[in-house]
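Numbering (mature numbering (1 follows the signal peptide of the UniProt record, and there is no 0)), first residue to last: -23 to -1, 1 to 75.
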């Protein structure tokens, strides 16, 4: 049994040494590769508008928990569906982008 323990110890030490020798600093390599490229920044800005009531609401209730949702102060169990217009400016009548 003592011989088996010695062999296992040597195997474990060998594996630890091999795995330590194979590791390298990935973060340093990745940063130098990325810094060499010119980065392009794109700033997207759009606005979405919730219309909760009126003639054509953009948000409607599609499901709710029976007898629980109407009594809950947090509206627990309610599922809403939204189809909000995306526009270029904060004005809801501005150009539609989505």
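Cβ atoms here follow ideal geometry from the backbone N, Cα and C, with glycine treated the same way. Owing to the predicted nature of the structure, the values given are computational and were not obtained by experimental measurement.
Taking residue 42 as part of the beta strand (DSSP E), name the residues at either end of that continuous run. Mapped onto the chain shown, residue 42 falls at position 65. Neither: residue 42 is in no beta strand (DSSP E) and is coded neither H nor E.
Quick one: Cα of residue -12 to Cα of residue -18, how far? Position 12 of the chain shown, counting from 1, holds the residue named residue -12. Position 6 of the chain shown, counting from 1, holds the residue named residue -18. Each residue's Cα considered, the two are about 10 Å apart.
Cα separation between residue 22 and residue 31? Locating residue 22 in the chain shown gives position 45, counting from the first residue. Locating residue 31 in the chain shown gives position 54, counting from the first residue. Whole-angstrom Cα-Cα distance: 27 Å.
Below 8 Å between beta carbons: does that hold for residue 67 and residue 25? Start at 1 with the first residue of the chain shown, and residue 67 comes out as number 90. Start at 1 with the first residue of the chain shown, and residue 25 comes out as number 48. Contact flag unset, no.
Relative to the C-alpha of residue 40, which residue among -21, 33 and 53 is closest? Within the chain shown, residue 40 is the residue found at index 63, counting from 1. It is 53 whose Cα lies nearest to the Cα of residue 40.
Can you list, in chain order, the residues of its chain with a C-beta nearer than 8 Å to that of residue 27? Leave out the 5 residues immediately preceding and following it. The residue labelled residue 27 in the question sits at position 50 within the chain shown. Excluding residues within five positions, the ones whose Cβ falls inside 8 Å are 35, 36, 59 and 61.
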